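Q: So the number in the working numbering is just where the residue sits in the sequence shown, counting from 1, plus 83. Backbone N, C-alpha and C fix where the C-beta goes; we use that ideal spot for every residue, glycine too. None of these values were measured; they are calculated from a predicted model.
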Amino acid sequence: METDYDQLKAALKEPALNAKLFSSQFGLEAKKHRILTNGRASRYPYPENLRSRQYNIYLNSGFTDDMMDFETSPVVGAKNAVRQLKMLEQIVISQLHSDERLWPLSMAPGPTYQHDLEYLKTAFTKSWDQETHDYLGKKYGIVQEILGDVHVNFSLDSSLINELYQRFYSNRYANRVDFQNHLYFKLAQRFCLYQWLFTYLYGASPVSKDMPHSIPDDLQLPVRSLRCSDYGDDNWTNEQVTYATFDQHFTELQNFMANGTYYSMKEFFGPVRLRRHNHDTRDITGALQQGINYLEFRTFDLDPLSRTGISDDTINFLELVLLNSILTPLPDDLPARLVEAKQRNNEVALQKPKDQLPWMHDAAMELIAELQNFIVEFNAPREYQLALKFVQRRVDDPSLTLSGQLTDQLENGDLLSFGLKIANDRYTKNINFQHPLQAISDVYSDDIQRLVRAAIELGIQVKLQPTQVILYVGDHIESYDAQAQLDFSKGARDLVLADFPEAKQFQEKID
């Protein structure tokens with residue numbers, strides 16, 4: 084991607100374009116176990132009021148029924164994305180039994196590994212997805228499939244992409260879609276070069292005392308992140324896809340899908356997936372023809388120190404790296420650098436949490452200096468400066484990283500007591516919230532919060548706007564004033580179903 088970076092930088096300082104630069108959208112996906120207060124896997128059925136799983140884009144079960152999947156709609160800014168995740172988590176916690184909790188770590192608790200793996204292999208009631216479930220379980224095994232994590236979905240402002248294409252790239256790419264595809268791929272490549280730094284900062288799966296695994300006997304635990312290492316959530320060595328070039332990446336993906344190695348794009352476990360919203364994950368050609376419009380980052384362990392599993396600061400730092408990547412050329416020896424970066428990531432993931440090799444500090448500080456210049460040059464909002472300061476402190480002191488802090492919480496070689504304390508505290512806090520959806524209580528009346536909550540439970544889509552809430556199913560749209568008072572004499576669910584009778588068919592029949 085040949086670029087006159089000086090001209091590009093000058094353009095991005097123009098007020099209108101600068102505002103678009105900092106208008107990226109984020110969607111978050113989190114996977115957490117429902118457990119019992121003794122650390123065993125919950126054997127309670129998937130919550131009855133959330134049984135719209137075939138249609139619900141926000142709440143679902145994962146590889147097992149005890150694994151809760153949360154997914155937020157794309158919104159501008161980290162704070163808004165995390166707010167939506169808080170809202171979804173409050174809904175789920177309100178549906179838990181009194182002895183159920185959400186486990187805050189990527190690795191399941193020891194008692195689950197000790198006693199529940201055989202049960203979990205068949206604890207799955209989404210009959211419409213049974214074939215895929217059985218295929219993945221047989222190929223990768225229950226241990227890999229029940230890892231918790233957070234995926235961050237990122238998209239640039241579409242008008243920013245359009246203006247960049249029109250002003251700088253229209254003579255180098257056949258059309259806007261081709262430019263957009265290559266721009267997103269460049270951002271993915273840049274992330275891969277620094278994946279090791281994200282593992283250093285946010286790796287949080289240091290131990291697996293009771294987890295059956297294939298790690299070498301001589302590997303000393305705790306490490307920084309088992310999940311982010313070569314022993315974690317990855318494709319088999321001979322089934323991995325390169326990021327060396329755009330054509331190689333998508334050719335390998337298409338070949339693996341054509342010959343049955345991958346059942347769909349969802350079986351590609353690389354650090355970044357290039358995706359198109361609401362597009363068939365088996366149709367890569369169609370996605371490229373219509374345009375990649377977001378990146379899915381898969382490398383984040385659950386952050387147990389953040390209420391939802393990921394913090395605003397983490398997302399803001401990711402955004403900072405990606406925005407700076409627009410303005411930064413790729414290295415000439417990119418294929419070799421990508422191979423080195425993957426090796427570095429595994430090395431960092433399997434280090435002792437408070438260790439740091441000299442190259443790590445030097446390389447991190449070089450990037451931090453680059454990002455600091457970006458913040459100043461483009462007058463980035465204050466939250467990006469705060470996120471970068473947070474990163475710099477963790478680079479200077481490994482004990483402040485997530486894994487560094489978790490190491491101090493180990494008891495008898497595991498994190499069971501620590502995880503249960505957090506799970507209990509968050510359960511108690513959530514059930515004692517004063518509002519139906521505490522995270523949005525500053526903008527919407529309690530009645531509107533109840534309406535939104537019921538709509539999400541039923542599988543109806545929701546748009547939160549400053550002065551109103553919009554609910555919709557397909558082309559059927561209803562809007563409600565943000566401060567409306569509603570008649571819930573028959574309950575919130577009945578009110579929503581009266582407005583959206585078609586949602587009745589979304590509900591699973593319970594035996």
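In the DSSP output, what is phenylalanine 598 paired with across the bridge?
A: No answer is possible for residue 598: it lies beyond the span of the chain, which begins at 84 and ends at 594.
Q: So, using beta-carbon positions, are glutamine 380 and leucine 471 closer together than 9 Å?
A: This sequence places phenylalanine at residue 380; glutamine is not what is there. Result no, Cβ atoms of phenylalanine 380 and leucine 471 do not sit closer than 9 Å.
Q: Run through DSSP, which three-state label would histidine 518 get?
A: Three-state DSSP puts histidine 518 in coil, outside helix and strand.
Q: Within the same chain, show all residues whose beta-carbon is closer than 6 Å to that of leucine 230, passing over the 5 residues directly before and after it, in chain order.
A: These residues qualify, in order along the chain: Ser189, Arg310 and Asp316.
Q: Compare the C-alpha of asparagine 491 against each of Asp87, Pro289, Ser524 and Ala538 and name the closest.
A: Just to set this straight, residue 491 is aspartate in the shown sequence, not asparagine. Closest option to aspartate 491, Cα to Cα, is Pro289.
Q: Expressed to the nearest angstrom, what Euclidean distance is found between the alpha-carbon atoms of threonine 550 and serine 238?
A: 25 Å
Q: How many Å lie between aspartate 87 and proline 464 at the Cα?
A: About 25 Å.
Q: Suppose the cutoff is 7 Å on Cβ atoms and the five residues either side in sequence are ignored; what does the same chain contact list for leucine 357 look like?
A: Tyr267, Phe268, Ala271, Ile375 and Leu378
Q: Arginine 509 and proline 519: beta carbons closer than 9 Å?
A: Not a contact, by the Cβ cut-off of 9 Å.
Q: Buried or exposed for glutamine 279, please, with buried defined as at least 16 other CB atoms from any protein chain shown within 10 angstroms of its CB.
A: The sequence given here has tryptophan at residue 279, not glutamine. Burial state of tryptophan 279 is buried, judged by a 10 Å Cβ sphere holding 16 or more other Cβ atoms.
Q: I'd like to know whether the C-beta atoms of phenylalanine 589 and leucine 554 end up nearer to each other than 9 Å.
A: no
Q: I need the boundaries of the alpha helix (DSSP H) containing methionine 448, first residue and last residue.
A: Counting along the chain, the alpha helix (DSSP H) containing methionine 448 begins and ends at 441 to 460.
Q: Report the partner residues of lysine 222 according to the DSSP bridge assignment.
A: DSSP, once it has assigned bridges, lists no residue as partnering lysine 222.
Q: Report the option in Leu168, Gln173 and Glu201 whose CA atom is closest to the CA atom of arginine 126.
A: Glu201
Q: What beta strand (DSSP E) runs, 3 residues minimum, are completely inside the region 85 to 149?
A: 108 to 119 and 142 to 144
Q: Hey, how far is the Cα of asparagine 318 from the Cα of phenylalanine 352?
A: When the Cα atoms are used, asparagine 318 and phenylalanine 352 turn out to be separated by approximately 6 Å.
Q: So who's on the other strand from aspartate 152, going by DSSP bridges?
A: Lys114 and Asn143
Q: On the CB-based measure, 16 or more other CB atoms within 10 Å of its CB, does serine 486 come out buried or exposed?
A: Burial of serine 486 is indicated by the presence of at least 16 other C-beta atoms within 10 angstroms of its C-beta.
Q: In this structure, what does DSSP give as the bridge partners for arginine 184?
A: Ile118
Q: With respect to the alpha helix (DSSP H) encompassing valine 579, which residues constitute its N-terminal and C-terminal limits?
A: Its alpha helix (DSSP H) spans residues 575 to 582.
Q: I'd like to know whether the C-beta of threonine 328 is nearer than 9 Å to at least one C-beta of chain D.
A: In summary, chain D is missing from the structure at hand, where a single protein chain is found.
Q: Got a sec, what are the start and stop residues for the beta strand (DSSP E) glutamine 551 sits in?
A: In the DSSP assignment, glutamine 551 falls within the beta strand (DSSP E) that extends over 551 to 556.
Q: Helix, strand or coil, according to DSSP, for glutamine 178 in the structure here?
A: coil
Q: Span of the alpha helix (DSSP H) holding isoleucine 367?
A: 367 to 373
Q: What is the DSSP secondary structure of histidine 360, counted as helix, strand or coil?
A: coil
Q: Measuring CB atoms only, is the region 166 to 176 touching the region 384 to 401, in the sense that at least three cross pairs come out at less than 8 Å?
A: yes
Q: Looking at C-beta atoms only, is the number of pairs between the region 105 to 117 and the region 144 to 152 that lie closer than 8 Å three or more?
A: Result yes; three or more Cβ-Cβ pairs closer than 8 Å.
Q: Around the Cβ of glutamate 154, are there at least 16 other Cβ atoms within 10 angstroms (buried) or fewer (exposed)?
A: Counting Cβ neighbours within 10 Å, glutamate 154 comes out buried, since at least 16 surround it.
Q: For leucine 547, which of helix, strand or coil comes out of DSSP?
A: strand
Q: Does the distance from the CB of phenylalanine 281 to the CB of threonine 382 come in under 9 Å?
A: yes
Q: Would leucine 569 and isoleucine 531 be called neighbours here (beta carbons separated by less than 9 Å)?
A: yes
Q: Look at valine 306 and glutamine 468 and say whether their C-beta atoms are less than 9 Å apart.
A: In this structure, glutamine 468 does not lie closer than 9 Å to valine 306 by Cβ.
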